[in-house]
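These protein sequence lines are chains Z and H, in that order. Those letters in the first sequence? Residues 0 to 164, by numbering that gives the first Met the number 0. Those letters in the second sequence? Residues 0 to 200, by numbering that gives the first Met the number 0. Let me begin by presenting the structure, written as structure tokens, before commenting on it.
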Amino acid sequence: MNIIFSIIREDTFWKILLFIHFLLAVGLLAAVTLQAVAVLMPARQVAGGFIDRSPVPAASYAALVAIVYVFQALMGAWIYIKYRTYVRIPMEQLRHFWTVGSFELKEHVVTMGMGLLPAYWYFWRQPLSAEHDNVRRWVTVFLALSVWYAFIVGHVANDFRGVGS
Amino acid sequence: MTQTLDVGEGFSQLDSSPAKDAPASTTQAGAKLGTFAITFGIAFALLYTVYERLNWPLFTYHPVLSVVDFGRQPAGVGPPMFWYGWIALAAISALVVAGVATIVPARWLRQATVFCCALAALWPVALAGLRIFIVGWATFDADFLNSAWVAAIPGFIGAAVITYYFPARLADRLWTSWLLIVPIVGLVVLGSSLLQPWFLR
């Protein structure tokens, strides 16, 4: 770390890291939201015994979602060190208790999502099992909601003290 | 009607063909993988909630000093961070549980899941009940009852009774549903613990 800080300023380094975290979050949000929409919208059945394809090939990016989710969680865990000392303490001093509490809940939400990732990946393995249709759908929706919650709360915390604040 | 049946048959053929074509060892490995992944998901959410509530981290990180201490350590210079420690301990424990799950019969696993979930609900309820009894009802010095280990006795008995009378078919049907029930209930428990310090302040 000292080598990095000899090249760029410490706060610039954390801001770059936070910005990469944000960019990846946008990508993850897009992927998991599209997938959740795809599983919530059943495939249309048309005449002639053919099943029309879902608008999004949801299964194709399940592995990508899982990998980016883990990467994002690890990156968030890294940035969390800076948050704990540089952001949360002034947040408490300025009585932004709702923001602190929401961020605390974000840790738990993201952790619960991480625990579901092996099962999520298993349910999306090809060929998709009809037996797991329902649980696959709701695990995907849970992950999508967890990513949305983390994104919004992270954005609010960033507005308090982060990139561009 | 004919159309619907045709489509249904098509689906059943699609679903069963890989299983028919695949060698038995591959199918068995796939089933074990599924058991491992689902058990890990349930166990991780349950254990993370328990470890967070009991504040049992595997290690404590002190961000100001960049020092890691084994177990739970009090604040030194700057705030201590337990979150990493809860995750690490929950992940290790859940890996062990999921590994064991792949070698026990499926029926036992379903019943064990019901037992663990019932225990996770009943143990804190028993502890809260004991505390209410000590404060409001006891006519003797009942402080020795104010212990998580004493509360474990009614918790275990209650969970065993529930598991015994829980229909096996329902346990089988519910098994993958625990994957969503446990994290959601866990988040409700963890979220409610945040109400007093942050949201109702």
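All C-beta atoms, glycine included, are put in the ideal place defined by N, C-alpha and C. These numbers were taken from a predicted model, which means no experiment stands behind them.
Residue i: contacting residues in chain Z (beta-carbon distance under 9 Å)
{"i": "Gly172 of chain H", "result": "At residue 172 of chain H the sequence reads Arg, which differs from the Gly that was named. Within chain Z, no residue comes near Arg172 of chain H; the closest Cβ sits about 11 Å away, beyond 9 Å."}
{"i": "Pro166 of chain H", "result": "The premise fails here: Pro166 of chain H is roughly 20 Å from chain Z at the closest Cβ pair, so nothing lies under 9 Å."}
{"i": "Gly98 of chain H", "result": "The contacting residues do not exist; Gly98 of chain H stays about 12 Å from chain Z at best."}
Chain-order list of residues whose beta-carbon lies under 8 Å from that of residue i (same chain, five-residue window excluded)
{"i": "Arg160 of chain Z", "result": "Tyr85, Val86, Pro89 and Met90"}
{"i": "Leu127 of chain Z", "result": "Ala58 and Arg135"}
{"i": "Leu28 of chain Z", "result": "Val146, Trp147 and Phe150"}
{"i": "Tyr82 of chain Z", "result": "Phe102 and Ala156"}
{"i": "Met80 of chain H", "result": "Thr59, Tyr60, His61 and Pro62"}
{"i": "Val67 of chain Z", "result": "Leu23, Gly26, Leu27 and Ala30"}
{"i": "Val6 of chain H", "result": "With a pLDDT of 38 at Val6 of chain H, under the threshold of 50, the modelled position of this residue cannot be trusted, and the question is left open."}
{"i": "Thr175 of chain H", "result": "Ile37"}
{"i": "Gln12 of chain H", "result": "Residue placement at Gln12 of chain H cannot be trusted, given a pLDDT of 38 that sits under 50; the coordinates are not used to answer."}
Contact set for residue i: own chain, Cβ-Cβ below 7 Å, skip 5 residues either direction
{"i": "Ala158 of chain H", "result": "Phe114, Ala117, Leu118 and Leu121"}
{"i": "Leu194 of chain H", "result": "none"}
{"i": "Ile3 of chain Z", "result": "Phe12"}
{"i": "Val31 of chain Z", "result": "Val64, Leu142, Ala143 and Val146"}
{"i": "Ile131 of chain H", "result": "none"}
{"i": "Thr1 of chain H", "result": "Low local confidence applies: a pLDDT of 39 at Thr1 of chain H is under 50, so the model's placement there is unreliable, with the coordinate-based value given in what follows. Nothing meets the Cβ criterion."}
{"i": "Tyr164 of chain H", "result": "none"}
{"i": "Asp171 of chain H", "result": "Arg109"}
{"i": "Asn54 of chain H", "result": "Arg71 and Phe81"}
{"i": "Thr101 of chain H", "result": "Lys31, Thr34 and Phe35"}
Reference residue i; option with closest CA among the options
{"i": "Trp123 of chain Z", "options": "Z:Phe18, Z:Trp13, Z:Ala58 and Z:Thr32", "result": "Z:Ala58"}
{"i": "Leu167 of chain Z", "options": "Z:Val36, Z:Pro126, Z:Leu23 and Z:Asp10", "result": "One cannot answer for residue 167 of chain Z here, as it falls past the ends of chain Z, which runs 0 to 164."}
{"i": "Ala61 of chain Z", "options": "Z:Val138, Z:Val152, Z:Val155 and Z:Ala149", "result": "Z:Val138"}
{"i": "Phe70 of chain Z", "options": "Z:Ala24, Z:Gln92 and Z:Val108", "result": "Z:Ala24"}
{"i": "Leu16 of chain Z", "options": "Z:Ala129, Z:Gly75 and Z:Glu130", "result": "Z:Gly75"}
{"i": "Phe96 of chain Z", "options": "Z:Gln34, Z:Val152 and Z:Tyr119", "result": "Z:Val152"}
{"i": "Ser191 of chain H", "options": "H:Arg52, H:Ser24, H:Leu178 and H:Leu169", "result": "H:Arg52"}
{"i": "Tyr47 of chain H", "options": "Z:Ala118, Z:Ala129, Z:Val109 and Z:Arg94", "result": "Z:Val109"}
{"i": "Leu33 of chain Z", "options": "Z:Pro56, Z:Arg8, Z:Ile19 and Z:Phe18", "result": "Z:Pro56"}
{"i": "Val38 of chain Z", "options": "Z:His107, Z:Lys14 and Z:Tyr119", "result": "Z:Tyr119"}
{"i": "Met111 of chain Z", "options": "H:Leu32, H:Val187 and H:Ala74", "result": "H:Val187"}
{"i": "Ala167 of chain H", "options": "H:Leu57, H:Ala105 and H:Phe35", "result": "H:Ala105"}
{"i": "Met40 of chain Z", "options": "Z:His154, Z:Asp158 and Z:Asn133", "result": "Z:Asn133"}
{"i": "Pro196 of chain H", "options": "Z:Arg8, Z:Arg94, Z:Ile78 and Z:Asn1", "result": "Z:Arg94"}
{"i": "Ser92 of chain H", "options": "H:Arg200, H:Ala150, H:Val160 and H:Pro56", "result": "H:Pro56"}
Proximal residues to residue i (C-beta, below 6 Å), its chain only, five neighbours per side dropped
{"i": "Phe21 of chain Z", "result": "none"}
{"i": "Tyr50 of chain H", "result": "Trp85, Leu88 and Ala89"}
{"i": "Met113 of chain Z", "result": "Ala72"}
{"i": "Thr3 of chain H", "result": "Because the pLDDT at Thr3 of chain H is just 40, under 50, the model does not fix this residue reliably, and the point stays unresolved."}
{"i": "Ala141 of chain H", "result": "Ile133"}
{"i": "Leu45 of chain H", "result": "Ala119 and Val181"}
{"i": "Gly29 of chain H", "result": "none"}
{"i": "Thr162 of chain H", "result": "Gln110, Val113 and Phe114"}
{"i": "Pro78 of chain H", "result": "none"}
{"i": "Tyr83 of chain H", "result": "Tyr60"}
{"i": "Lys105 of chain Z", "result": "Ala149 and Val152"}
{"i": "Leu169 of chain Z", "result": "Residue 169 of chain Z is absent from the model: chain Z starts at 0 and stops at 164."}
{"i": "Phe69 of chain H", "result": "Phe58"}
Beta-carbon neighbours of residue i, restricted to chain H and to distances below 7 Å
{"i": "Trp137 of chain Z", "result": "Leu179"}
{"i": "Ala76 of chain Z", "result": "Tyr83"}
{"i": "Val108 of chain Z", "result": "Leu186"}
{"i": "Ile80 of chain Z", "result": "Pro62"}
{"i": "Pro117 of chain Z", "result": "Ala36, Phe39 and Gly40"}
Residue i Cβ short of 7 Å to the ligand GTP heavy atom set
{"i": "Ser59 of chain Z", "result": "Absence of the ligand GTP is noted for the structure shown, with no ligands found whatsoever."}
Contact set between residue i and chain Z, taken where Cβ atoms lie within less than 7 Å
{"i": "Leu94 of chain H", "result": "Chain Z residues near Leu94 of chain H: none, gap ~10 Å exceeds 7 Å."}
{"i": "Arg200 of chain H", "result": "Phe96"}
{"i": "Ala148 of chain H", "result": "Inspection of the sequence shows that residue 148 of chain H is occupied by Trp rather than by Ala. Near Trp148 of chain H there are no residues of chain Z at all, since even the closest Cβ is about 26 Å away, more than 7 Å."}
Any C-beta of chain B under 8 Å from that of residue i
{"i": "Gly77 of chain H", "result": "Included in the structure are the protein chains Z and H, with no chain B among them."}
Proximal chain Z residues relative to residue i, where beta-carbon distance stays under 8 Å
{"i": "Ser176 of chain H", "result": "Val134"}
{"i": "Val63 of chain H", "result": "Thr84"}
Residue i: contacting residues in chain H (beta-carbon distance under 8 Å)
{"i": "Leu104 of chain Z", "result": "Leu186, Leu189, Gly190 and Leu193"}
{"i": "Tyr121 of chain Z", "result": "Leu32, Gly33, Ala36 and Ile37"}
{"i": "Val99 of chain Z", "result": "Trp197"}
{"i": "Phe159 of chain Z", "result": "Chain H residues near Phe159 of chain Z: none, gap ~14 Å exceeds 8 Å."}
Residues that residue i contacts on chain H, provided the C-beta gap is smaller than 9 Å
{"i": "Gly153 of chain Z", "result": "Here the premise fails: no neighbours, minimum Cβ distance about 15 Å."}
Hey, is the region 37-47 of chain H in contact with the region 64-75 of chain H, meaning 3+ C-beta pairs nearer than 8 Å?
Contact annotation: the region 37-47 of chain H does not touch the region 64-75 of chain H, with fewer than three C-beta pairs closer than 8 Å.
Should the region 122-131 of chain H be called in touch with the region 151-169 of chain H, which here means at least 3 C-beta pairs below 8 Å?
Because the criterion of three Cβ pairs below 8 Å is met, the region 122-131 of chain H and the region 151-169 of chain H touch.
Residues of the region 28-55 of chain H whose Cβ lies closer than 7 Å to any Cβ of chain Z, in chain order
So the list reads Leu32, Gly33, Ala36, Ile37, Phe39, Gly40, Phe43, Ala44 and Tyr47, given in the order they occur along the chain.
Tell me which residues of the region 80-91 of chain H have at least one Cβ-Cβ distance to chain Z shorter than 7 Å, keeping chain order.
From the region 80-91 of chain H, only Met80, Trp82, Tyr83 and Ile86 have a Cβ closer than 7 Å to chain Z.
Hey, is the region 89-108 of chain H in contact with the region 92-105 of chain Z, meaning 3+ C-beta pairs nearer than 8 Å?
Touching, no, given that fewer than three Cβ pairs across the two stretches are closer than 8 Å.
Within 7 Å of chain H by C-beta, residues of the region 8-30 of chain Z in sequence order
Listed by position along the chain: nothing, the set is empty.
Quick check: the region 131-145 of chain H against the region 170-189 of chain H, are there 3 or more CB pairs under 8 Å?
In short, these stretches do not touch, since the Cβ pair count stays below three.
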